[in-house]
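Everything below concerns the one structure shown next.
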Amino acid sequence: MAPVFPVAFTVLVPATSANLGPGFDSLGLALQLYNRFEVVEGGNDPQHPVIQIEGSLGAGLPTGPENLFFRAFSSVFASKGIEPPAVRIRMFIQIPAGAGLGSSATAAVGGVVAASEFLRLRGLMLSEQEVLELAVANEQGNHPDNVAPALLGGLVATTVKDGKIHAVKTPFPDALKAVIFTPSFSMDTLAGRKLLPSSYPKDDVTFNTGRVALLLSALQTGRYELIGEAMQDRLHQPYRQALFPAMPDIIKAAVAAGAYGASLSGGGSSLIALASSRFQEILRAMQEAARARGVEGTGMILRADKHGARVINPRHHRVRRPRARYYEDQFCWSPARPLKEGSLGR
55 MAPVFPVAFT VLVPATSANL GPGFDSLGLA LQLYNRFEVV EGGNDPQHPV
105 IQIEGSLGAG LPTGPENLFF RAFSSVFASK GIEPPAVRIR MFIQIPAGAG
155 LGSSATAAVG GVVAASEFLR LRGLMLSEQE VLELAVANEQ GNHPDNVAPA
205 LLGGLVATTV KDGKIHAVKT PFPDALKAVI FTPSFSMDTL AGRKLLPSSY
255 PKDDVTFNTG RVALLLSALQ TGRYELIGEA MQDRLHQPYR QALFPAMPDI
305 IKAAVAAGAY GASLSGGGSS LIALASSRFQ EILRAMQEAA RARGVEGTGM
355 ILRADKHGAR VINPRHHRVR RPRARYYEDQ FCWSPARPLK EGSLGR
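Counted from 1, the sequence shown has number 346 at position 292 by this note's numbering; the numbering is strictly sequential.
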C-alpha cells in the first residue's frame, strides 16, 4: 500500500565517544543520549526547509539550508539525481556541541537516515554501507569514528581501505556505564588537530597499538581491571592537554574514585570514565578535581546505546516522546525500542 502523505517520522541518533584513549580515529562508542529530528513533508521550496530548533544547546545552530542535518539530507537525493521533497524539520538538541560527544555526527547521520527513509517509501533502498559513506562525507573532518557508532550503535572499530569505510560493531558489556564530565568550555576539533605532530616515534605508535588490543580484549573477556592501562594514550591526549590542562587531574580523580579507566572523549572537551559501580562518587570526584583547577562542568551517567540511529513511527503522525531519566544535574533520553521495520530498511 502506498504511504499516506504527507510523510512524517522521527529520527533518533545517539551521542558517541570516540577514541576511548588509544583508539585514535578508529574506535567509537554510542551512548544513551540523543538528538531527535522530527521530519514532516511539506513546505514550498525543497531547497529552503522550515527548521525549528528546541533546546538551549541548539541555540547557535543555523535554521537555513546551511544546517548540517539538511545538507546531509539533501546530499542523498543529489547523489541519486532525485529532487528532494520540501520538508519541515524540528530538532530536539540534547547533545552539546564542541564537547566531544559526536553532536555533528548525529546531524550528518540523522539527515542521511531521514533521506533514506523518504527513498524507502518511494521503493528505493539504500544499503547500510551507502548510508555510512554518505554520512561520513557530510560530517566535519570526514572521520568515521563518531559516525559509525552513531549509525550502528555499540562499540565500533573503523578503518578506511581504498576509499571504502570498514566498520565492525562489537558488543559492549552491560556491566559498564560511562561517566561523562563536560566542562563549561568547548574544544574545537580542528584547533585540537593542529596541535598534533605530523609524525610519531615508533615507541608511541607501538604503545597505542598494544593498548587498543588490550582494551578490546579486556572488554570482551570481562578483565575490567585492565581498562585503566588499556585507556592510556600517547598519540593525541598529551598534545590536546594544552587546551585542557586540568585533564590529567580529573582522570586521576575518576580512577581513584572507582573508575576502571578514563580518557578524553573524542577531541574534547568531555572526559569519559568507564565503571561498573560507584557512578555518582566518580562523577563527584571528577567535578571536585575540575573545580580545584578552576573548571566548572556538568556530568552524566550513561549506558551504551546498542541500536544506533533509528526511525520512529515512519508511517504515523504521532511522535513517541522518550521518557527522561535524571542523574542529579543532568538527564538523558531513554532509547526508543528498536523497530522490526523502518530502520534503514533493515
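Ideal placement from N, C-alpha and C gives every residue a C-beta, glycine not left out.
Indicate whether residue i and residue j have their beta-carbon atoms separated by less than 8 Å.
| i | j | result |
| --- | --- | --- |
| Ala311 | Arg332 | yes |
| Gly118 | Gln148 | no |
| Gln341 | Phe226 | no |
| Ile304 | Ala343 | yes |
| Tyr254 | Leu297 | no |
| Val309 | Ala300 | no |
| Ala221 | Ala162 | no |
| Pro60 | Val94 | yes |
| Gly96 | Ala140 | yes |
| Leu356 | Ala153 | no |
| Ser319 | Thr212 | no |
| Asp287 | Pro76 | yes |
| Ile336 | Ala313 | yes |
| Arg176 | Gly246 | no |
| Leu270 | Glu283 | no |
| Gly82 | Asp216 | no |
On the three-state DSSP scale, how would you describe residue i?
| i | result |
| --- | --- |
| Gly362 | coil |
| Met340 | helix |
| Val67 | strand |
| Ala153 | coil |
| Ser158 | helix |
| Ile355 | strand |
| Val349 | coil |
| Ala169 | helix |
| Phe318 | In the sequence as presented, Phe is not what sits at residue 318; that position holds Leu. Three-state DSSP puts Leu318 in a strand. |
| Leu325 | strand |
| Val233 | strand |
| Ala72 | strand |
| Ala307 | helix |
| Val61 | coil |
| Leu175 | helix |
Using a 10 Å radius around the Cβ and a threshold of 16 neighbouring Cβ atoms, would you call residue i buried or exposed?
| i | result |
| --- | --- |
| Gln86 | buried |
| Glu279 | exposed |
| Gln106 | exposed |
| Gly164 | buried |
| Arg374 | Only weak support exists for where Arg374 lies, its pLDDT of 41 falling under 50; the value from the coordinates is given anyway. Exposed. |
| Pro251 | exposed |
| Leu74 | buried |
| Asn98 | exposed |
Is there a Cβ of chain B sitting closer than 8 Å to that of residue i, yes or no?
| i | result |
| --- | --- |
| Ala189 | In the structure shown, chain B does not exist; there is a single protein chain. |
(request) Would you be able to state if there are at least three C-beta pairs under 8 Å between the segment 58 to 76 and the segment 193 to 205? (result) Judged by Cβ distances under 8 Å, the segment 193 to 205 makes contact with the segment 58 to 76, as three or more pairs qualify.
(message) Quick check on the DSSP output: what are the complete alpha helix (DSSP H) runs of length 4 or more inside the segment 239 to 303, in order along the chain?
(response) Counting whole runs of 4 or more residues, the segment 239 to 303 contains the alpha helix (DSSP H) stretches 243 to 248, 256 to 275, 281 to 284 and 291 to 294.
(request) Could you pull out every unbroken beta strand (DSSP E) segment of at least 3 residues lying fully inside the segment 77 to 148, listed in chain order? (result) 81 to 95, 104 to 108 and 141 to 146
(request) Entirely within the segment 185 to 219 and at least 3 residues each: give me those beta strand (DSSP E) ranges in chain order. (result) 209 to 215
(message) Below 8 Å, how does it come out for the segment 192 to 200 and the segment 174 to 184: are there three or more Cβ pairs, yes or no?
(response) no
(request) Assess, as a yes-or-no matter, whether the segment 267 to 285 is touched by the segment 217 to 226 under the definition of 3 or more beta carbon pairs within less than 8 Å. (result) yes
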